[in-house]
Every structure is written in structure tokens, then in C-alpha cells.
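Peer 1: The structure is given below, and queries will be raised subsequently.
Residue numbers (my numbering), protein chains in the order written: chain A, 24 to 385; chain B, 311 to 572.
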């Protein structure tokens, strides 16, 4: 998706925003292709919403350039920008009907064209015949759809979405995720969505940009971020991970050897890995650790939690390090008795495959 | 409610509304003597509506009230907009505080200050000075009421309008103004009643030919209270009560149901 060699739909170059002494957005550069669904992911206060507001024009960057199809947006007020935004609060006009809200940005059209367009947009978000409804009579999910239809009305090149599903309850959110993704595919509009929910970002985005304290720390698709995180922050954000401190001692073929508290481990390197002799962190997903290995570091099971799909165990290594291990629970379905499973107190060996161990900066 | 609660409430209300009730009751007194009950009659209302000078004073009051309220509403609304939506500018907290000063200033002081201003600048005292003085009186109230409303409006609404291609004027006309309209109307009504009720400031700044209703009533009372005054006062109380109730209803309405049209 990323680089097509042509001018990106949305391009950010060294965008920085300072508020007083603080830096909300620090030197963010990014290029989005037309039709891409991009998620800005990070905890609250990481600067992702500020970045969206910079693109929309509600804030002015301290330094840096923002371009849409090569057009520099600097100095353009929000109402002249070829982007539209869907607000977290939806920001629907309470004194206008559904049709009045959606048609607000369509003042260039004739009356008949406008009502035809409103009809199309309402059909697109599955709210046929809602034209004359008042906003206060709509449910949360319906408001969310009206806000989406209104933001799409002007057919923006880039649609900015600020936590568009944040106010929905869980079941509705998952349903709406699928619809949002399908709609984006169908329209081919470039979406930039802000979310703090990693699951949502992974489910929706072509590419995810992880933000941490104003910086864009890693950009990639869900699998890349999950399997090959660049930092401890990214590793921990996308899912449960064991982070083991260690020191790089040398190489073993294609693997790098890291000395940990419970012995040396072989691991695959990352671009951001420190050099030989330096401190490093090993990232290990709980589900990539195998139990019942014939060789490998030994540990004692301290806790077993049955979670239905998976069983989560905690293993204490001989130096006291605690590792979380997650194994499929399917074996229970085949009539295995509880005594066949490991319980607390059992001593086992762990299979820590080099492919599953990733070296990160300390 | 406990017995003590009921008693307190009754006493409080009696204290507040007793005098007004007596005034209203005696406006229906058939007797020409204020203190002697001579049976029920509406004759004084008839006398009232035949009293040329009194009606002229009432007309002056209405005209001044509407003009002053309009001015106060215009400038008060702009003041509120500047303070709440104008971004940060030096001295903003000071300006916000200064709005309250005319509201708590003794009327005698305001009246005297305005008189000195008009005399000093060579303004001929009359209707115009009355309108200006009363607009000054009401401006702070309008700004406070409209400002409270503005604080309650999500800024994202105005941002959404701008995002959808509306320039600043269109955003104001189609989003901000409709949403603050009830507060603007409430401010107008309050400024109108303040003007209608005022005696002190009017006495300072008015000139020949511009006698307001409270001034006329006050000068008649000095010659002796008669039931006609009671009738006039009753009408005034009724009118002001209606307006104040409307104003408080308007400013208490939620933003949601403020305007009905698309």
C-alpha cells in the first residue's frame, strides 16, 4: 500500500506542535497512499488527536509541512481544506434534523441534488428515511452513523476519524467496525483514524502508526507491529508480552545470543537492536512459548488459569523471573482429566524458539 | 415537609409577597380612600386608562425599554462572544470581571456618573441619554447570561461547521447564534425589565419630555397615594413577572431543543 512512487494522498513532513513548554507532536513524518486505512494508535495524551487536529486545521503546526495530493495546507483555514473530520463527540448540530446535519456541507448544490445526495448518504450508513428525525431522538449508534454520513458528504480526499467507535458499547462496536471497513473499501477514501484500542486498530487498519509521547515510534501493518515491534512500548501495547532484561554476548549463526538471568537465549535481531556487549530486552509473546520441551530452560509452574480458548500459566524460572505462557485449551475437549494437565508446583522445560524471541532496546 | 419547614416557607413567602398582595388587593378597592376597603371594583383601572400623562409615561418607558434592551443585547452578546470564543488576549480575566461591576454598583453612583458624562460631553438629556444609560445597566446581565450559555456549547459543533466548509460568519449565523438564541432572548427580556423598573438612574439622566412610568408614579405618590397608583403598579408587577418568568424559562431550556427549524 505504502509507496506507489507517486505523490502521496496525505504527506506529513517533520510535523511538530508545541504548547507552551510541552511538545504534543514531535517531528512526525508520514506518507499515506490514496485509499489507505491508517490508524494512529496510542494511549491518551500521546498526541494522536492533536495530530488529527493539525491535519484538519484546528491547530497550526509549530514546524513541518502537511500536504494533501501535494498541496501544502499551511495557512489554509479548516473550511478551505480538502479533508473532513468525524468528531469523537460526533458534534451533530442539535438544532438541525438528520438531513439538515448531513446537508450542511452541501451548500453548493441545488435543493433537489442536495436531497438526493442526503438520501444516498443515508442509504450508505443504513439509515434510510431518517431525514426528518431530530438528533435527540436518535440512539448512540444512529448518531454515529449520521456523523459518518455528514463527514463523507463532501467526498473528502482524506477523512479524519477521532475515536469514531469510542462511544459505542462493545457489541455494537465490533459490528460497526466491520461496516466501517467495508464502507472505506467501497468508497476508496483515505481514512486516518485515531484510537486507543489496539484491537480496533488491528481489525481495521491497513497500516498502524503507534504514537508515544508525541512521537510516531513505529509504522506498519498489524502483523509487523505484533511480530516485530521496534520498542518495548509497541510490544506491550499490541498484546501481552514477556519482557526479559539481558545483555548481548555474541552470535550463533543467524541468531544473536542474549545472556539472561536464567541462561543464554538465542533470538532474532531487530533493526533497533543494540550492539554486542550492550544491554537489551527480549520480547516473548506468551503464546509463542512451548511447554513440555525436552530441553530448554527449566521453571516451576506457579499458577494455572483456565480461560476457555486458552490456558494461561505462570512459570517461575530458576532466577526468579516470572514468565507468562499461554497454551491452547483444546485438549480439554478430548476428555483429558485435570491430572493430565500441568498444575502449580510442576517443574517443566520451556521451548523458547529463537524465532519467537525478539531483541529490543533496553 | 416538616411542620417547621412549612412554617418557614410560609413566613418567607408572606414576607416577600405580602406587600405586593396588599397592593394588588387595594387596586380593586371601590373606595377612593386607600386605607378603607369599600368593596370590589375595577373603576381605578378605568381611571388609569383615561390618565393621559400616565399613559404617555408608560409609552416612554416601553420605547426606552425596547431600545435599551436591544442595545444591551447587541453589545452584551458581542462581549460574551469575545470573552468566551475570542481566544486568549491580554486582560481577558479583567474584562470578564469588569462586566460584573455595573451590576453591583449602587444605582445612585451609576446615575451620577452617567449624568456627569452626559453633562461633560454636552449631550442634551432626554430619550437618547435614557436609552444609553439603561443599555449600560443591562449590558452586563446580557453578557453573563449569554456567556453561561456559550460555555455550555461544545466547541466541536463550531469546528464541525468550519470543517464542513463554513466560513466564520456562516458558522456564527447557522450554529452559534441558533444555539445561544434562548440566552440572547432571555438577556433581552431581563434588560427590558431592568429598564422598565429603573427610577434612580432615570431620574439622573432624563430631561424634559422624557418621563418614565416609575418616575411618573413616584411623583404622584409624593402628592398622596391614590388607588389609581395601585392599579398602575399592579399592571407593572404583572408585566414584569411575566417577562422574568419567560426569561428564566428561556435560559433554563436545554441546548437540544433550542431551535425547531432545520
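Backbone N, C-alpha and C define an ideal beta-carbon position, used for all residues, glycine too.
For clarity, every value in this text was computed on a predicted model and none was experimentally measured.
Whose C-alpha, out of A:201, A:167 and A:237, is nearest the C-alpha of residue 186 (chain A)?
Peer 2: If you number the first chain from 1, residue 186 (chain A) lands on position 163. Minimum Cα distance to residue 186 (chain A) is reached at A:167.
Peer 1: Is residue 529 (chain B) near residue 448 (chain B), with beta carbons less than 8 Å apart?
Peer 2: The residue labelled residue 529 (chain B) in the question sits at position 219 within the second chain. The residue labelled residue 448 (chain B) in the question sits at position 138 within the second chain. Result no, Cβ atoms of residue 529 (chain B) and residue 448 (chain B) do not sit closer than 8 Å.
Peer 1: Would you mind working out which of B:413, B:466, B:342 and B:384 sits nearest residue 110 (chain A), comparing C-alpha positions?
Peer 2: Looking up residue 110 (chain A) in the first chain gives position 87. The option with the nearest alpha carbon to residue 110 (chain A) is B:466.
Peer 1: Check the Cβ-Cβ distances between residue 32 (chain A) and every residue of chain B, and say whether any is below 8 Å.
Peer 2: One-based indexing of the first chain puts residue 32 (chain A) at position 9. No, because no Cβ of chain B sits closer than 8 Å to the Cβ of residue 32 (chain A).
Peer 1: Please decide whether residue 107 (chain A) counts as near chain B, where near means a Cβ-Cβ distance under 8 Å.
Peer 2: For the purposes of this step, residue 107 (chain A) is taken as the residue at position 84 of the first chain. Answer yes: the Cβ-Cβ gap between residue 107 (chain A) and chain B drops below 8 Å somewhere.
Peer 1: Along chain B, in chain order, which residues have C-beta atoms closer than 9 Å to that of residue 329 (chain A)?
Peer 2: Residue mapping note: residue 329 (chain A) aligns to position 306 of the first chain, counting from 1. In chain order: nothing, as chain B lies at least about 45 Å away.
Peer 1: Counting contacts by CB-CB distance shorter than 8 Å, is residue 472 (chain B) in contact with chain A?
Peer 2: What you label residue 472 (chain B) is simply residue 162 of the second chain in a count that begins at 1. Output row for residue 472 (chain B): interface = yes.
Peer 1: Assign residue 323 (chain B) to buried or exposed, taking buried as 16 or more other Cβ atoms, counted over all protein chains shown, within 10 Å of its Cβ.
Peer 2: Along the second chain, one-based indexing puts residue 323 (chain B) at 13. The residue in question, residue 323 (chain B), is exposed, as its Cβ has fewer than 16 Cβ neighbours within 10 Å.
Peer 1: Who pairs with residue 34 (chain A) in a beta bridge, going by DSSP?
Peer 2: For this step, residue 34 (chain A) is matched to residue 11 along the first chain. According to DSSP, residue 34 (chain A) bridges with A:54 and A:90.
Peer 1: Using the beta-carbon of each residue, which ones in chain A are nearer than 7 Å to residue 485 (chain B)?
Peer 2: As a first step, residue 485 (chain B) is located in the second chain; it is residue number 175 there, counting from the start. Within chain A, the residues near residue 485 (chain B) are 116.
Peer 1: Taking only beta-carbon atoms, is residue 156 (chain A) less than 8 Å away from chain B?
Peer 2: Position 133 of the first chain holds residue 156 (chain A). Judged by the 8 Å Cβ criterion, residue 156 (chain A) is not in contact with chain B.
Peer 1: At least one CB of chain A closer than 8 Å to the CB of residue 391 (chain B): is that the case?
Peer 2: Translated into the one-based positions of the second chain, residue 391 (chain B) becomes position 81. No, its Cβ sits nowhere closer than 8 Å to a Cβ of chain A.
Peer 1: Measure from the C-beta of residue 362 (chain B) to each C-beta in chain A and report whether the shortest distance is under 8 Å.
Peer 2: In the second chain, residue 362 (chain B) corresponds to position 52, counting from 1. Output row for residue 362 (chain B): interface = no.
Peer 1: Check each candidate in A:101, A:350 and A:322 and name the one with the smallest Cα separation from residue 309 (chain A).
Peer 2: Mapped onto the first chain, residue 309 (chain A) falls at position 286. Closest by alpha carbon: A:350.
Peer 1: Just confirm the distance between the C-beta atoms of residue 115 (chain A) and residue 158 (chain A), as a whole number of angstroms; I'd bet it's less than 8 Å.
Peer 2: For the purposes of this step, residue 115 (chain A) is taken as residue 92 along the first chain, with counting starting at 1. For the purposes of this step, residue 158 (chain A) is taken as residue 135 along the first chain, with counting starting at 1. About 5 Å; that satisfies the 8 Å criterion.
Peer 1: For residue 156 (chain A), which residues from the same chain have a beta carbon less than 6 Å from its beta carbon, with the 5 sequence-adjacent residues on both sides left out?
Peer 2: Position 133 of the first chain, counted from the first residue, corresponds to residue 156 (chain A). Once the five neighbours on either side are set aside, the close Cβ partners of residue 156 (chain A) are 121.
Peer 1: Against residue 134 (chain A), what residues of chain B qualify as contacts under a CB-to-CB distance less than 8 Å, listed in chain order?
Peer 2: Sequence index remark: in the first chain, residue 134 (chain A) carries index 111 (1-based). Under the 8 Å cutoff, chain B gives no residues; its nearest Cβ is about 12 Å from residue 134 (chain A).
Peer 1: Assign residue 285 (chain A) to buried or exposed, taking buried as 16 or more other Cβ atoms, counted over all protein chains shown, within 10 Å of its Cβ.
Peer 2: For this step, residue 285 (chain A) is matched to residue 262 along the first chain. Result: buried.
Peer 1: Can you tell me which of the three DSSP states residue 95 (chain A) falls into?
Peer 2: Position 72 of the first chain, counted from the start, is the residue given in the question as residue 95 (chain A). Correct three-state label for residue 95 (chain A): strand.
Peer 1: Just verifying my parser: in three-state terms, what is the DSSP assignment at residue 141 (chain A)?
Peer 2: Start at 1 with the first residue of the first chain, and residue 141 (chain A) comes out as number 118. Helix, per DSSP.
Peer 1: Within 8 Å of any Cβ in chain A, is that where the Cβ of residue 464 (chain B) sits?
Peer 2: Here residue 464 (chain B) refers to the residue found at position 154 of the second chain. Residue 464 (chain B) counts as touching chain A.
Peer 1: Note down the Cα distance separating residue 464 (chain B) from residue 49 (chain A), rounded to an integer number of angstroms.
Peer 2: Working through the second chain from its first residue, we reach residue 464 (chain B) at position 154. Working through the first chain from its first residue, we reach residue 49 (chain A) at position 26. Using only the alpha carbons, I get a separation of about 28 Å.
Peer 1: Would residue 249 (chain A) count as contacting chain B if we go by Cβ distances under 8 Å?
Peer 2: On the first chain, residue 249 (chain A) is found 226 positions in, with the first residue counted as 1. Not one chain B Cβ lies under 8 Å of residue 249 (chain A).
Peer 1: Given that a residue counts as buried once 16 or more other Cβ atoms are within 10 Å of its Cβ, and exposed if not, what is residue 193 (chain A)?
Peer 2: Numbered from its first residue, the first chain carries residue 193 (chain A) at position 170. By the 10 Å Cβ count, residue 193 (chain A) comes out exposed.
Peer 1: Would you decide whether residue 559 (chain B) is buried or exposed? Buried here means 16 or more other CB atoms lie within 10 Å of its CB.
Peer 2: Working through the second chain from its first residue, we reach residue 559 (chain B) at position 249. So residue 559 (chain B) ends up on the exposed side.
Peer 1: Is there a Cβ of chain A sitting closer than 8 Å to that of residue 552 (chain B), yes or no?
Peer 2: Reading the second chain from its first residue, position 242 is the one you call residue 552 (chain B). Judged by the 8 Å Cβ criterion, residue 552 (chain B) is not in contact with chain A.
Peer 1: From what residue to what residue does the alpha helix (DSSP H) around residue 355 (chain B) run?
Peer 2: Taking the second chain and counting its residues from 1, one reaches residue 355 (chain B) at position 45. Its alpha helix (DSSP H) spans residues 353-358.
Peer 1: Listed in chain order, which residues of the segment 396-424 of chain B have Cβ atoms closer than 9 Å to some Cβ of chain A?
Peer 2: Going along the segment 396-424 of chain B in chain order, one finds no residue with a Cβ nearer than 9 Å to chain A.
Peer 1: Hey, could you find the ends of the beta strand (DSSP E) residue 216 (chain A) is sitting in?
Peer 2: The residue labelled residue 216 (chain A) in the question sits at position 193 within the first chain. Its beta strand (DSSP E) spans residues 213-218.
Peer 1: Does chain A have any CB closer than 8 Å to the CB of residue 492 (chain B)?
Peer 2: Here residue 492 (chain B) is taken as the residue at index 182 of the second chain, counted from 1. False, the Cβ-Cβ gap to chain A never drops below 8 Å.
Peer 1: Answer with yes or no whether the minimum CB distance from residue 112 (chain A) to chain B is below 8 Å.
Peer 2: On the first chain, residue 112 (chain A) is found 89 positions in, with the first residue counted as 1. True, the Cβ-Cβ gap to chain B drops below 8 Å.
Peer 1: Spell out the partners DSSP gives residue 329 (chain A) in its beta bridges.
Peer 2: Here residue 329 (chain A) refers to the residue found at position 306 of the first chain. For residue 329 (chain A), which the question treats as bridged, DSSP gives the partners A:334.
Peer 1: Nearest by alpha-carbon distance to residue 484 (chain B): which of B:468, B:493 and B:498 is it?
Peer 2: Position 174 of the second chain holds residue 484 (chain B). That would be B:468, whose Cα lies nearest to the Cα of residue 484 (chain B).
Peer 1: Can you give me the Cβ contacts of residue 92 (chain A) inside the same chain, cut-off strictly under 7 Å, excluding the 5 residues immediately before and after it?
Peer 2: Counting from one through the first chain, the residue named residue 92 (chain A) turns up at place 69. 30, 32 and 180, listed in sequence order.
Peer 1: So, with DSSP's three-state summary, where would you put residue 423 (chain B)?
Peer 2: The residue labelled residue 423 (chain B) in the question sits at position 113 within the second chain. In the structure shown, residue 423 (chain B) sits in a helix (DSSP, three-state: H, G or I).
Peer 1: For residue 368 (chain A), which residues of its own chain have a beta-carbon under 6 Å away from its beta-carbon, when the five flanking residues on both sides are left out?
Peer 2: Taking the first chain and counting its residues from 1, the one referred to as residue 368 (chain A) is at position 345. Excluding sequence neighbours, residue 368 (chain A) sits near nothing in its chain.
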